[in-house]
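My numbering runs 10 ahead of the 1-based position in the sequence shown.
Where is the CB? At the ideal position from N, CA and C, for every residue including glycine.
Model, not experiment: these values are computed from the prediction.
Structure first, commentary second.
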Amino acid sequence: HCNRFLDDTLPDVEARFGCVHSSEFKQHAPPCDLLSAGFPCQPFSMQGLGLGIVDPRGSVIFEIITYVKKHQPRIVVLENVRGLVTAHADTFLAILKAFQNIKDHATQERCYFLYWKELNSKDYGVPQSRTRVYVVLIKRLGRPKIKFAWPKPVPTPPLSTIFDPRRLNMCSKPTLPLS
């Protein structure tokens, strides 16, 4: 589905890789300035089996770490479920340590400023409560410190501003077209 979506929306983009575990990805994935990744959450979710990195999907984060070590994007933003911090704290700390230990290719100094925080979508204008952990890495580029701030919460609009109450008929059953 993803490749079909990309074909339809970004037909000129050629760099596509079926799996981050593949040698093709490891050898040919191009560098980027901004890497935004949400690695599979099922292994870390409280709703899943909780296998963590034992689940093959849980190991995708290590491929992301390898990519970041190799290409050193200027900014990295990662997102995952809260269970990564609560139920898999040792794994989460190991991930943070791996990113903190990345050395800048040019200076051999620590490469990134690292920030992490749990944020809930309901605090940012989304009518759903969904807590996620975010990790942000910002390349140091020789700077001793930078100014970084998490976004301030914004109010969630009432549902009446999203749905037109004149068009809602809460008592009737939806009808589906038969084909």
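Ile85 to Leu94 span [Cα, whole Å]:
Sequence index remark: in the sequence shown, residue 85 carries index 75 (1-based). Sequence index remark: in the sequence shown, residue 94 carries index 84 (1-based). Computed Cα separation, rounded: 21 Å.
Any idea what DSSP makes of Val78, helix, strand or coil?
Start at 1 with the first residue of the sequence shown, and residue 78 comes out as number 68. Residue state, collapsed to three classes: helix.
Note down the Cα distance separating Ser131 from Leu59, rounded to an integer number of angstroms.
Residue mapping note: residue 131 aligns to position 121 of the sequence shown, counting from 1. Residue mapping note: residue 59 aligns to position 49 of the sequence shown, counting from 1. Going from the Cα of Ser131 to the Cα of Leu59 covers about 24 Å.
When the distance is taken between beta carbons, is Gly68 closer than 8 Å to Pro40?
Here residue 40 corresponds to residue number 30 of the sequence shown, with the count starting at 1. Here residue 68 corresponds to residue number 58 of the sequence shown, with the count starting at 1. No. Outside cutoff.
Thinking Thr101 and Ile63 are a contact (beta carbons under 8 Å), I'd like their distance in whole angstroms, please.
Locating residue 101 in the sequence shown gives position 91, where the first residue counts as 1. Locating residue 63 in the sequence shown gives position 53, where the first residue counts as 1. Between Ile63 and Thr101 the Cβ distance is about 6 Å, and since that is below 8 Å, they are a contact.
As an exercise, report each continuous alpha helix (DSSP H) stretch of at least 4 residues that is fully enclosed by the region 118-173, in chain order.
169-172
For Ile105, write down the residues that DSSP places opposite it in a beta bridge.
Taking the first residue of the sequence shown as 1, we reach residue 105 at position 95. Bridge partners of Ile105: none, in fact.
Val91 and Tyr144: beta carbons closer than 8 Å?
Looking up residue 91 in the sequence shown gives position 81. Looking up residue 144 in the sequence shown gives position 134. No. Outside cutoff.
CB of Ile75 within 8 Å of CB of Phe109, strictly
Position 65 of the sequence shown, counted from the first residue, corresponds to residue 75. Position 99 of the sequence shown, counted from the first residue, corresponds to residue 109. Yes, these two residues count as a Cβ contact at 8 Å.
Tell me the rounded alpha-carbon separation between Leu61 and Leu103.
Taking the first residue of the sequence shown as position 1, residue 61 is located at position 51. Taking the first residue of the sequence shown as position 1, residue 103 is located at position 93. If you draw a straight line from the Cα of Leu61 to the Cα of Leu103, it comes to about 17 Å.
With DSSP collapsed to three states, give me the class of Asn111.
Taking the sequence shown and counting its residues from 1, the one referred to as residue 111 is at position 101. Note: Asn111 maps to coil in three-state DSSP.
Assigned secondary structure, Cys16 (DSSP; H/G/I helix, E/B strand, else coil):
Reading the sequence shown from its first residue, position 6 is the one you call residue 16. Note that residue 16 is Leu in the sequence shown, not Cys. Of the three classes helix, strand and coil, the one that applies to Leu16 here is helix, per DSSP.
By a C-beta neighbour count over all protein chains shown, 10 Å radius and 16 as the cutoff for buried, is Ile156 buried or exposed?
Within the sequence shown, the letter at position 146 stands for residue 156. Under this definition Ile156 is an exposed residue.
For the putative contact between Tyr122 and Leu147, defined by C-beta atoms under 8 Å, what is the C-beta separation to the nearest angstrom?
In the sequence shown, residue 122 corresponds to position 112, counting from 1. In the sequence shown, residue 147 corresponds to position 137, counting from 1. Confirmed, Cβ separation roughly 4 Å.
Just checking Ile156 against the ligand ZN - is the residue's beta carbon closer than 7 Å to any of the ligand's heavy atoms?
With respect to the ligand ZN, the structure shown offers nothing to examine, as it has no ligands at all.
Does DSSP put Val200 in a helix, a strand or coil?
In this structure the chain extends from 11 to 189, so residue 200 is not present and cannot be described.
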